[in-house]
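Some notes on the structure that comes next.
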Amino acid sequence: MQHISAVREPLVTGGKTYHDVTQDVCRQVEAAPNIRWMAAFSVALFFLGVFFYSVYRTVWFGIGEWGLNKTVGWAWDITNFVWWVGIGHAGTLISAVLLLFRQRWRSSINRAAEAMTIFAVICAGQFPILHMGRPWLGWWVLPLQNTFGSLWANFNSPLLWDVFAISTYFSVSLVFWYTGLIPDFATIRDRAKGKIAKFSYSMLSFNWRGSAKHWSRYETVSLILAGISTPLVLSVHTIVSMDFATSVVPGWHTTIFPPYFVAGAIFSGFAMVLTLMLITRVVFKLEDYITLEHIALMNKIMMVTGSIVGVAYITEFFIAWYSQVEYEQYCFLNRATGPYWWAYLSMMSCNVLSPQMVWFRRIRYSITMTFILSIIVNIGMWFERFVIIVSSLHRDYLPSSWAMFSPTIIDVGMYVGSIGLFFTLFLLFAKFFPVINMAEVKTILKYTVNNGPTYGGPNNGGQPITRTAAPAPYSTPGVPASAPVNYDKHE
Amino acid sequence: MNSPAVTSAGPVVQDTHHTSASRTKRFAVGIFEDEDVLLHAIDNMRAAGVRIYDVFSPYPVHGIDDALGIERSRLPIAAFFFGCCGLSFALWMQIYMLGFDWPMIIGGKPNIALPSFIPVSFELTVLFTAFGMMITFFTISGLYPKPTVNVLDARATDDKFVVAVELDESSSQLSKLTTLFRDNGASEVNHKEMTNF
């Protein structure tokens, strides 16, 4: 039975069969890397080299290589950290929150978005570890006994909460992602011709054979992982924001920070998902899976979260005035009109004004405009963190210690290099792993394949299947057979 | 399994076979093209007294649990248990370390400052839940990295729905099952011998 909704756009276009899905997704895994991939990978590797060089300078000579000074002790590194963690949040939002909300359009983008989460968190993790100055003592953050050289960890410190939050987030996301990959690895394994490919994908597929019992458990497990990942993702950026909010620095010490940071994280994350998806769908010819409808939906989420962020910016200003605390008032005035006014202006225009363009349908459905917008938002969100961190720190309570921050070449190298690290990982993923969750897309195929109103499942290309009588849609035992099956509500 | 495939309807899917020892098993394997046809076929075959060994599909088919009589998984209970372990461990760890083993005065706060233990307790609850549940899932399902994987039909992970019925030593039920599969819409029926399956 195939159901064509009169009101909804199909989730997958092009009249795909199950086998087409397998072919389209496995194509780039099985083929030799194409020239565009090689070119992109070379560029990414170059920037990875920049990253390694900057790390070497930072570790060998110390964090004096960065532009930090006595007043501005946190700058680009923590900006990058918060930026990367924020980007990661969209992946979990797509894989967990949209799963709980039964948003089936997520099926074709969740794999790549989750991969983005994992790689973004890897990039984020580099900065606090390197900022320790002596990263080889990084294990002191773990709760280890005093005899190991440090006291027990201080559980009252938000920085320690961050250690637990980020490492839990990383490992749980990794497990969630890998579990979803197992059935697809099995598909690649069963198609593999070469000895090495067969062996590798056999190992990766964990003996998966698609047994009904396993699928049943798999679905239970996915639902629970989604259920626990949802509060987890909210907790992670909440805790990141507490790194700032629990201090007494004007501009940081605000109760609005947790929801404001979470909205900002989802905002920037969706921008990055859009950037990656727009490239992926063209490079791997996946336009039938990542449709204009997907782009429009993600644009809408970007606009909503962007507006929440805008409201938060204005609220901060209002509360600074309303609080009557002169330090707080000065801090915010200084943000907008002080020496870093240009950063503030970039943040406001990129994050508050630019997403409002999405109100126009033509822009929402335009690939070029979406791509430009996603880049603008990524830049804007980087500036947001820079504004919060540097403009709050650079003029503290004592005017005698006011200072400006200017990055060194190593600061720039760390940031640009981390983008290289991210793209190196993402390109390797895109080459060797299935970028679309094949199994999950196949579950939605039957009700969304747009191949005409004739009877027939995805395996029959819209043609009536060769039986004397087509079977009635299957209904669950116990439910009267005459009960109409509404596939729009079918979960 | 010594009993012939066609018997009175009993428990239909057994889970023990996933870890059973190495010996040759014979199967009648029906290949289906469509999930609705598959579900009707399972119903009809079970009504005819066929004991279905397992069904392999490229994606989770809705309604197959009911059709095969698969019981609801108890993994959520395991997940809750592991979550409780994580929470108790986190609370014990923080209270023991900062409250008893090496009390430190931090900002004049009490040694056992429960509100600031909430984040770490929450994170460890989630961590233990996720890992405990996944390790349980992989263990009970016999899922682990294996250099070669035996499959009944390689298309089961691509576009076909594969129903396996185990046969006795002499495969005496094969022709009967072939007819039954065909009558219920199978596009092909194969006879497979599997070792280490």
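Protein sequence lines correspond, in order, to chains A and B. Following this note's numbering, the numbering of the first sequence begins with 1 at its first residue and continues without gaps. Following this note's numbering, the numbering of the second sequence begins with 1 at its first residue and continues without gaps. Note that beta-carbon positions come from the ideal geometry of N, C-alpha and C, so glycine has one too. Please read all numbers here as calculations on a predicted model, not as lab measurements.
Inclusion of Glu166(B) and Tyr53(B) in the CB contact set at 8 Å is warranted, their separation being smaller than that value. Under the Cβ criterion of 8 Å, Lys25(B) is not counted among the residues facing chain A. A Cβ of chain B is located within less than 8 Å of the beta carbon of Met203(A). Within the stretch 58–138 of chain B, the complete alpha helix (DSSP H) segments at least 4 residues long are 64–68 and 75–94, listed from N- to C-terminus.
In summary, Ile64(B) is buried, with 16 or more beta-carbon neighbours lying within 10 Å of its beta-carbon over all protein chains present. With a cutoff of 8 Å on beta-carbon distance, Leu174(A) and Ile118(A) are scored as near each other. Ile239(A) is a Cβ neighbour of Ala165(A), given a cutoff of 8 Å. Secondary structure note for Asp77(A): its alpha helix (DSSP H) is the uninterrupted segment Trp76 to Thr92. With a threshold of 8 Å between beta carbons, Trp66(A) makes no contact with chain B.
Taking 8 Å as the CB threshold, Gln94(B) lines the interface with chain A. Judged by DSSP secondary structure, Phe41(A) falls outside any beta strand (DSSP E) and instead within the alpha helix (DSSP H) spanning Ile35 to Phe61. One Cα belongs to Leu204(A), the other to Val50(B), and the distance between them is close to 34 Å. The closest CA to that of Asp36(B), considering only Leu180(B), Ala164(B), Lys160(B) and Leu177(B), is found on Lys160(B). When secondary structure is reduced to three states using DSSP, Ile182(A) falls in the helix class. Burial is judged here by how many other beta carbons sit within 10 angstroms of a residue's own beta carbon; Arg106(A) has at least 16 and is buried. Annotation: Pro76(B) to Ile224(A) spans about 7 Å, alpha carbon to alpha carbon.
About 24 Å separates the CB atoms of Ile419(A) and Phe244(A); that is not less than 8 Å, and the two are not in contact. Counted as a single uninterrupted DSSP element, the stretch harbouring Val55(B) is not any alpha helix (DSSP H) but the beta strand (DSSP E) occupying residues Asp54 to Phe56. Contacts between Glu219(A) and chain B, judged by CB atoms closer than 7 Å, involve Pro60 in chain order.
His214(A) counts as buried, since no fewer than 16 other beta carbons sit within 10 angstroms of its beta carbon. Residue contact check for Phe137(B) against chain A: a CB pair falls below 8 Å. Val248(A) counts as exposed, since fewer than 16 other beta carbons sit within 10 angstroms of its beta carbon. By the neighbour-count criterion, in which a residue is buried when 16 or more other Cβ atoms sit within 10 angstroms of its Cβ, Trp83(A) is buried. Residues of the same chain with a CB within less than 6 Å of the CB of Asn184(B), apart from the 5 flanking positions on each side, are Ala41 and Asn44 in chain order. According to DSSP, residue pairing for Ile31(B) in a beta bridge involves Val162(B) and Glu188(B). About 6 Å separates the beta carbon of Asn351(A) from that of Met381(A), a gap short enough to meet the 8 Å contact definition.
Counted as a single uninterrupted DSSP element, the stretch harbouring Arg51(B) is not any alpha helix (DSSP H), since DSSP gives it neither H nor E. Setting aside the 5 residues that flank it on each side, Ile295(A) is surrounded in the same chain by Leu274, Met277, Leu278, Arg364, Tyr365, Ile367 and Thr370, each with a C-beta closer than 8 Å to its C-beta; the list follows chain order. Cα atoms of Val12(A) and Gln356(A): separation of roughly 28 Å, rounded to the nearest angstrom.
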